[in-house]
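K.L.:
Let me begin by handing over the structure; questions about it come next.
Number of protein chains: 2
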Amino acid sequence: MIIREMSHADCVALLAKSWVGRLACCKENVPYVVPIQFAYVDNRIVSFSLPGQKIDWMRANPRVCIQIDDIADKHRWKCLLVNGVFKEQVRDEQRDRAWAALKTDNDWWEPGSFKPGPQAIASERNHVFYAVDIDTMTGREAFDG
Amino acid sequence: MIIREMSHADCVALLAKSWVGRLACCKENVPYVVPIQFAYVDNRIVSFSLPGQKIDWMRANPRVCIQIDDIADKHRWKCLLVNGVFKEQVRDEQRDRAWAALKTDNDWWEPGSFKPGPQAIASERNHVFYAVDIDTMTGREAFDG
Chain C
1418 MIIREMSHAD
1428 CVALLAKSWV
1438 GRLACCKENV
1448 PYVVPIQFAY
1458 VDNRIVSFSL
1468 PGQKIDWMRA
1478 NPRVCIQIDD
1488 IADKHRWKCL
1498 LVNGVFKEQV
1508 RDEQRDRAWA
1518 ALKTDNDWWE
1528 PGSFKPGPQA
1538 IASERNHVFY
1548 AVDIDTMTGR
1558 EAFDG
Chain D
1418 MIIREMSHAD
1428 CVALLAKSWV
1438 GRLACCKENV
1448 PYVVPIQFAY
1458 VDNRIVSFSL
1468 PGQKIDWMRA
1478 NPRVCIQIDD
1488 IADKHRWKCL
1498 LVNGVFKEQV
1508 RDEQRDRAWA
1518 ALKTDNDWWE
1528 PGSFKPGPQA
1538 IASERNHVFY
1548 AVDIDTMTGR
1558 EAFDG
């Protein structure tokens, strides 16, 4: 197995084709990590969530780290780390833009933000939309060799 | 889709059958998340890593959060969150015990800790073995209904 750094273009390509990542945030030096569904638009990551711990913590400390991967098997994988800053999307046009990107696959998903119980149809009004402005993005890939 | 809290027994069962998780740690309120391979032994999570950012940060702040999931599709999934404390395993018998658990599937993997370049055969001497003592463990599962 050979491991090498991914080029920026390969990082962007992986980000563009992925729909799930693991978002870590922290508060008072306690970490928290949950899966998120996201879209990659205009060099930013956009997502939405019901209110809850993740949103509360990112409002308190906007620094986030998002991990995205593409694992074929233990010896062929890509792993991407994005460091960025949470920006809540509060204006209608921001929310519309984020929602348009997120609903393209018409089947949304987010274990970290759904609440237990039967699920209602997605209401844009109940959700917090946010972007993550990317500060740094690094990736590694492994392949047989 | 219905989402419900997982029972403790179901959380333990998911932990016992999983081999990959995403471990988040943080330092000076900056989060970091990487995939890890782990084993679940004696009610603890054990893993190992080459020295690097993850180990440095967990030595500085031992609070960690590990996210583990089992995703059949967007409407059928389990998602587990473990909050715990990093404990470096320095004694030979601790390292031997961790290694015995980790090598049972005889095919180890850890994108977050390998370094770029051709990989040497695993040397136990170069690696840092650690356990995560579990403080809390909570899970949610979704199913059609």
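Listed in order, the protein sequences are those of chains C and D.
Sequential numbering of the first sequence, starting at 1418, is according to the numbering used here.
Sequential numbering of the second sequence, starting at 1418, is according to the numbering used here.
No residue lacks a Cβ here, since even glycine has one placed at the ideal position from N, Cα and C.
What number of angstroms, rounded off, separates the C-alpha of residue 1430/C from the C-alpha of residue 1456/C?
P.N.:
Whole-angstrom Cα-Cα distance: 12 Å.
K.L.:
Quick check on DSSP: helix, strand or coil for residue 1561/D?
P.N.:
Residue state, collapsed to three classes: coil.
K.L.:
Whole-angstrom Cβ separation of residue 1439/C and residue 1484/D, contact assumed at under 8 Å?
P.N.:
6 Å
K.L.:
Contact defined as beta carbons within less than 8 Å: I believe residue 1478/C pairs with residue 1442/C. What is the distance between those atoms, to the nearest angstrom?
P.N.:
7 Å
K.L.:
Measuring only the C-alpha atoms, how far is residue 1514/C from residue 1509/D?
P.N.:
56 Å
K.L.:
Strictly under 8 Å for the Cβ-Cβ distance: is residue 1441/C near chain D by that measure?
P.N.:
yes
K.L.:
From the DSSP output, read off the bridge partner residues of residue 1494/D.
P.N.:
1488/D, 1559/D
K.L.:
Going by CA-CA distance only, name the one from 1519/D, 1482/D, 1489/D, 1517/D that's closest to residue 1555/D.
P.N.:
1482/D
K.L.:
In terms of alpha-carbon separation, which member of 1547/D, 1519/D, 1470/D, 1487/D lies closest to residue 1444/D?
P.N.:
1470/D
K.L.:
State the DSSP-derived secondary structure class of residue 1459/C, mapped to helix, strand or coil.
P.N.:
coil
K.L.:
Can you check whether the C-beta of residue 1460/C is within less than 8 Å of a C-beta belonging to chain D?
P.N.:
no
K.L.:
For the beta strand (DSSP E) containing residue 1440/C, list its first residue and its last residue.
P.N.:
Taken as a continuous stretch (DSSP letters only), the beta strand (DSSP E) holding residue 1440/C covers 1437-1444.
K.L.:
Contact criterion: CB-CB distance below 8 Å. Does residue 1468/C meet it with respect to chain D?
P.N.:
no
K.L.:
Residue 1573/D lies in the beta strand (DSSP E); which residues open and close that run?
P.N.:
Past the boundaries of the shown model lies residue 1573/D; chain D is included only from 1418 to 1562, so the question cannot be answered.
K.L.:
Consider the Cβ of residue 1486/D: report whether some Cβ of chain C lies at a distance smaller than 8 Å.
P.N.:
yes
K.L.:
Buried or exposed, going by whether 16 or more other CB atoms sit within 10 Å of the CB of residue 1419/C?
P.N.:
exposed
K.L.:
Within 10 angstroms of its Cβ, does residue 1434/C collect 16 or more other Cβ (buried), or is it exposed?
P.N.:
exposed
K.L.:
Check the Cβ of residue 1482/C against every Cβ in chain D and list those closer than 8 Å, keeping chain order.
P.N.:
Result: 1441, 1447, 1448, 1449, 1450.
K.L.:
For residue 1549/C versus residue 1503/C, is the C-beta spacing smaller than 8 Å?
P.N.:
A contact, by the Cβ cut-off of 8 Å.
K.L.:
Return the chain-ordered list of same chain residues with a C-beta closer than 6 Å to the C-beta of residue 1450/C, the five sequence neighbours on each side being excluded.
P.N.:
1439, 1441
K.L.:
Considering Cα atoms alone, identify which of 1448/D, 1559/D, 1463/D is closest to residue 1436/D.
P.N.:
1463/D
K.L.:
For residue 1493/D, is the classification buried or exposed, using 16 other Cβ atoms within 10 angstroms of its Cβ as the cut-off for buried?
P.N.:
exposed
K.L.:
Go to residue 1429/D, then tell me how far its alpha helix (DSSP H) extends in each direction, as first and last residue.
P.N.:
1425-1434
K.L.:
Measuring only the C-alpha atoms, how far is residue 1428/D from residue 1452/D?
P.N.:
19 Å
K.L.:
Return the bridge partner residues of residue 1480/D from the DSSP annotation.
P.N.:
Under DSSP, residue 1480/D forms a beta bridge with 1502/D.
K.L.:
Spatial neighbours of residue 1425/C within its chain, please: CB distance less than 8 Å, with the 5 preceding and 5 following residues excluded, ordered by chain position.
P.N.:
1554
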